[in-house]
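Engineer: Line by line, the protein sequences are chains A and B.
Be aware that the first sequence starts at 1, since it is given in my numbering, and climbs by one per residue.
Be aware that the second sequence starts at 279, since it is given in my numbering, and climbs by one per residue.
The structure follows.
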Amino acid sequence: MSLFRPFFSDLFARLKTFVQTHEREVDFFCLGKKYLVFNLVSRNLKVKYRRSIFGVLWTLLAPVGTAIVYYFVFKVILAVRIAQYPLFIMTGVMFWTFFAQTVMESMESLVGNWGLISKVPIPLQIFPYTGALTNLVNLLISLPVLVGVAFASGVVPGWSFLLLPYYAFCLFLMAYGFGFIMAVAFVYFRDLRHLMGIIIQIWFYSTPIVYAEDMIPEKYRWILTLNPLGKTFQGLHGIVSGTVNVADLGWSLSWGVAILLAAMLLNRSLVKGVVERI
Amino acid sequence: MNQPVVSLQNVSKVFQYWSDQPSSLKTVLVDTVRGRFNLGGRCSLPVLEDVSFDIRPGEFVGIMGRNGCGKSTILKIICGIYTPTTGSVKVKGPIAPLLELGAGFHSDLSGYENIFLNAAILGFGRKATAEALPKILDFSELGDRIHMPTKNYSSGMLVRLGFSIATHLAAPVLLVDEVLAVGDIGFQKKCLKKIEELHREGRTIVLVTHSPENVRGHCNRCIVISDRKKIFDGDPVEGANLYVSNVS
Numbered sequence: 001m002s003l004f005r006p007f008f009s010d011l012f013a014r015l016k017t018f019v020q021t022h023e024r025e026v027d028f029f030c031l032g033k034k035y036l037v038f039n040l041v042s043r044n045l046k047v048k049y050r051r052s053i054f055g056v057l058w059t060l061l062a063p064v065g066t067a068i069v070y071y072f073v074f075k076v077i078l079a080v081r082i083a084q085y086p087l088f089i090m091t092g093v094m095f096w097t098f099f100a101q102t103v104m105e106s107m108e109s110l111v112g113n114w115g116l117i118s119k120v121p122i123p124l125q126i127f128p129y130t131g132a133l134t135n136l137v138n139l140l141i142s143l144p145v146l147v148g149v150a151f152a153s154g155v156v157p158g159w160s161f162l163l164l165p166y167y168a169f170c171l172f173l174m175a176y177g178f179g180f181i182m183a184v185a186f187v188y189f190r191d192l193r194h195l196m197g198i199i200i201q202i203w204f205y206s207t208p209i210v211y212a213e214d215m216i217p218e219k220y221r222w223i224l225t226l227n228p229l230g231k232t233f234q235g236l237h238g239i240v241s242g243t244v245n246v247a248d249l250g251w252s253l254s255w256g257v258a259i260l261l262a263a264m265l266l267n268r269s270l271v272k273g274v275v276e277r278i
Numbered sequence: 279m280n281q282p283v284v285s286l287q288n289v290s291k292v293f294q295y296w297s298d299q300p301s302s303l304k305t306v307l308v309d310t311v312r313g314r315f316n317l318g319g320r321c322s323l324p325v326l327e328d329v330s331f332d333i334r335p336g337e338f339v340g341i342m343g344r345n346g347c348g349k350s351t352i353l354k355i356i357c358g359i360y361t362p363t364t365g366s367v368k369v370k371g372p373i374a375p376l377l378e379l380g381a382g383f384h385s386d387l388s389g390y391e392n393i394f395l396n397a398a399i400l401g402f403g404r405k406a407t408a409e410a411l412p413k414i415l416d417f418s419e420l421g422d423r424i425h426m427p428t429k430n431y432s433s434g435m436l437v438r439l440g441f442s443i444a445t446h447l448a449a450p451v452l453l454v455d456e457v458l459a460v461g462d463i464g465f466q467k468k469c470l471k472k473i474e475e476l477h478r479e480g481r482t483i484v485l486v487t488h489s490p491e492n493v494r495g496h497c498n499r500c501i502v503i504s505d506r507k508k509i510f511d512g513d514p515v516e517g518a519n520l521y522v523s524n525v526s
């Protein structure tokens, strides 16, 4: 028993040294610059909401408008057989808009902030991070709208709705990690802007957002497994219909953590030359 | 307890850039398909060669050299904006850098908001900034123009604000690149007086300057850089004389 103590204290000391020497990679959540994060996020939110209720409504305009169009096309015209379609499509569109917007904004964030990056010491990950955080706050604030849509379509939201922030968090990890990778890639390849537009479109239709996952023919089910967002949206559909699938919860978080780890590894190796390349 | 606060060991820096920059994925792919896998003509620009020095706490170092000899690159490496190609750099503790006009400012924000942004970037929280705020506003002499967006500031106003912020926040090391020359004579005198005051308080100052009188009169150490290498490190009067003879 007495051997365990020195082992653990030694391990702890090593961990501490590791954290100190690799501060840049470990601080992927910018914990060392909390006030700067707060400053940037609150400034972004002020611009988005402009301190008025109209500002809040305006930011909701895009997802609500898109959802209405999809409802008309897929439910009214194509008569897709999914119950509670308004709630179904609204959830999907809101969470997807969060992901797609975060990735596109983060991609341009490093090049767009060249003035700051090249003149003052600042951790590069703070730009995609604050972008993703701003959009996450936006998404969380919009969640009551989903509850409203549920009541309006005659659905009483069950306890499963409490899991919506959990999926928002998993999606946040994926959006941040992916946004960071794209931001670094964009520094080197400026035509990624066009390519990403196409990829996002394809990705949208490869994810069960306007359709349910059980409508995918068996031979194409592998797309759902390979798609990092697949299980997340599957879980969201479960919430909307009142069921909770623990496997979906687990998969979402795992994908989020995996993408984030990939981004952290990138931070460690390739990021050094980025400042000079911008 | 006389550990160096900044330590450069055999630092060399080479900038790589691509002439005929293929900054698009399309160009790289097209060239690969054509059989010429090529990321463009790669050019190397050596900027620093084997520079080593230690700066101890409390020193007032003047760095001199011709334009383009590598002085600003050294400062940026110390700050952590660039990483050395070979060699190592160790820095202890927070640094307040003032490297370019308007560095750390977001041009759409007002001067007032930029004070908080700049302080946050340097690592200072809201409380510390609020405490230093009256002194910063007073020193900069900007008055009501503090609420103008900084994209409308003249270069003199930018340096006044930048210098105020960098010197009134409690960072133990102050790094100033050649920006002071932009202020008027009254402001330059005020700045030097402030720097002297900070030096007496025990802060470490690194100043890049083209003025031999400043170095002779205020610094206690001078480093001269010429052609990517450090050619002198020692007495400020000798260093200033060497710089003058080197340049003319």
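Ideal placement from N, C-alpha and C gives every residue a C-beta, glycine not left out.
(1) Helix, strand or coil: which one does DSSP assign to residue 334 (chain B)?
(2) Cα separation between residue 462 (chain B) and residue 328 (chain B)?
(3) Count the other CB atoms within 10 Å of the CB of residue 114 (chain A); is the residue buried (16 or more) or exposed (fewer)?
(4) Give a yes or no on whether 8 Å exceeds the smallest Cβ distance from residue 121 (chain A) to chain B.
(5) Closest by CA to residue 302 (chain B), which one among A:39, A:185 and A:139?
(6) Could you name each continuous alpha helix (DSSP H) segment of 4 residues or more that falls completely within the region 84 to 140 of chain A, going from the start of the chain to the end?
(7) Once DSSP output is grouped into helix, strand and coil, what is the label at residue 382 (chain B)?
(8) Name the chain A residues that come within less than 8 Å of residue 375 (chain B), Cβ to Cβ?
(9) How is residue 499 (chain B) classed by DSSP in three states: helix, strand or coil?
(10) Return the Cβ separation of residue 383 (chain B) and residue 396 (chain B) in integer angstroms, given the expectation that the two are a contact with Cβ distance under 8 Å.
(11) Name the two residues that bound the continuous alpha helix (DSSP H) containing residue 204 (chain A).
(12) So, with DSSP's three-state summary, where would you put residue 53 (chain A)?
(13) Just to check my reading of the structure: residue 332 (chain B) and residue 285 (chain B) have Cβ atoms closer than 8 Å, yes? What is that Cβ distance to the nearest angstrom?
(14) Taking Cβ-Cβ distances below 7 Å as the criterion, which residues of the region 339 to 371 of chain B are in contact with chain A?
(15) Within a Cβ cutoff of 8 Å, which residues of the same chain sit near residue 116 (chain A), ignoring the five residues on either side of it in sequence?
(16) Would the beta-carbon of residue 71 (chain A) fall within 8 Å of that of residue 82 (chain A)?
(17) What does a CB cutoff of less than 8 Å around residue 520 (chain B) pick up in its chain, not counting 5 residues either side in sequence?
(18) Within the 8 Å Cβ cut-off, does residue 504 (chain B) reach chain A?
(19) Taking residue 334 (chain B) as the reference, give the member of B:477, B:468, B:431 and B:517 with the closest Cα.
(20) Hey, is residue 293 (chain B)'s beta-carbon within less than 8 Å of any beta-carbon in chain A?
(21) Measure how close the beta-carbons of residue 161 (chain A) and residue 239 (chain A) come, nearest whole angstrom, since I'm counting them as under 8 Å.
(22) Between residue 207 (chain A) and residue 229 (chain A), how many whole angstroms is the CB-CB distance? I'm expecting something under 8 Å.
(23) Give me the chain A residues within the contact set of residue 481 (chain B), using Cβ-Cβ distance strictly less than 7 Å, ordered along the chain.
(24) With DSSP as the reference, label residue 295 (chain B) as helix, strand or coil.
(25) By the three-class DSSP mapping on this structure, what secondary structure does residue 454 (chain B) have?
(26) Give me, in chain order, the residues of the same chain whose beta-carbon lies closer than 7 Å to that of residue 157 (chain A); leave out the 5 immediate sequence neighbours on both sides.
(27) To the nearest whole angstrom, what separates the beta carbons of residue 340 (chain B) and residue 514 (chain B), a pair I think is in contact under 8 Å?
(28) Excluding the 5 residues flanking residue 45 (chain A) on each side, which residues of the same chain have their C-beta closer than 7 Å to its C-beta?
(29) For residue 482 (chain B), count neighbouring C-beta atoms within 10 Å of its own C-beta (all shown protein chains included) and say buried if the count is 16 or more, exposed if not.
(30) How is the alpha helix (DSSP H) around residue 305 (chain B) delimited, first residue to last?
(31) Give me, in chain order, the residues of the same chain whose beta-carbon lies closer than 7 Å to that of residue 531 (chain B); leave out the 5 immediate sequence neighbours on both sides.
(32) For residue 99 (chain A) and residue 171 (chain A), I'd like the C-alpha separation in whole angstroms.
(33) Measure the C-alpha to C-alpha separation of residue 163 (chain A) and residue 295 (chain B) and round it to an integer number of angstroms.
(34) The alpha helix (DSSP H) spanning residue 418 (chain B) covers which residue range?
(35) For residue 426 (chain B), does the three-state DSSP call read helix, strand or coil?
(36) Which residues, in chain order, does the region 395 to 407 of chain B contribute to contact with chain A at a C-beta distance below 7 Å?
Structural biologist: So, from the listed chains and residues:
(1) DSSP places residue 334 (chain B) in coil when its eight states are reduced to three.
(2) Whole-angstrom Cα-Cα distance: 37 Å.
(3) Taking a 10 Å sphere around the C-beta of residue 114 (chain A), we find fewer than 16 other C-beta atoms and assign the residue as exposed.
(4) Any Cβ of chain B closer than 8 Å to the Cβ of residue 121 (chain A) would place that residue at the interface, and such an atom is present.
(5) Ranking A:39, A:185 and A:139 by Cα distance to residue 302 (chain B) puts A:185 first.
(6) Listed in chain order, they are 85 to 112 and 114 to 117.
(7) Annotated three-state conformation of residue 382 (chain B) is coil, per DSSP.
(8) In chain order: 120 and 121.
(9) Strand at residue 499 (chain B).
(10) At roughly 7 Å, the Cβ-Cβ gap stays under 8 Å, so residue 383 (chain B) and residue 396 (chain B) are in contact.
(11) 192 to 206 is the extent of the alpha helix (DSSP H) around residue 204 (chain A).
(12) Looking at residue 53 (chain A) - three-state DSSP - the assignment turns out to be helix.
(13) Indeed they touch by this definition, with Cβ atoms about 5 Å apart.
(14) Hits within the stretch, in order: 357, 358, 359, 360 and 361.
(15) These residues qualify, in order along the chain: 122.
(16) With respect to the 8 Å criterion, residue 71 (chain A) and residue 82 (chain A) are not classified as neighbours on the basis of their beta carbons.
(17) If you ignore the 5 residues before and after residue 520 (chain B), its C-beta comes within less than 8 Å of the C-beta of 502, 509 and 510, all in its own chain and listed in chain order.
(18) Not a single C-beta of chain A is nearer than 8 Å to the C-beta of residue 504 (chain B).
(19) Measuring C-alpha to C-alpha distances from residue 334 (chain B) to each of B:477, B:468, B:431 and B:517 identifies B:477 as the nearest.
(20) Closer than 8 Å to some Cβ of chain A, the Cβ of residue 293 (chain B) qualifies, so yes.
(21) Contact holds; Cβ gap of about 6 Å.
(22) By a beta-carbon distance limit of 8 Å, residue 207 (chain A) contacts residue 229 (chain A). Their separation comes to about 5 Å.
(23) Against residue 481 (chain B), chain A offers no close residue; the least beta-carbon distance is about 18 Å (beta-carbon pairs closer than 7 Å).
(24) It is a strand residue.
(25) In the structure shown, residue 454 (chain B) sits in a strand (DSSP, three-state: E or B).
(26) 147 and 150.
(27) Confirmed, Cβ separation roughly 6 Å.
(28) Answer for residue 45 (chain A): 134 and 137, listed in chain order.
(29) Answer is buried; the Cβ neighbour count reaches 16.
(30) Annotation for residue 305 (chain B): the continuous alpha helix (DSSP H) segment containing it runs 303 to 311.
(31) The question about residue 531 (chain B) has no answer, for chain B in this structure spans 279 to 526.
(32) Going from the Cα of residue 99 (chain A) to the Cα of residue 171 (chain A) covers about 7 Å.
(33) So the two alpha carbons sit approximately 49 Å from each other.
(34) Residues 404 to 418.
(35) The answer is coil: DSSP assigns residue 426 (chain B) none of H, G, I, E or B.
(36) Of all residues in the region 395 to 407 of chain B, the ones placed with a Cβ closer than 7 Å to any Cβ belonging to chain A are 395, 398, 399, 401, 403 and 404, in chain order.
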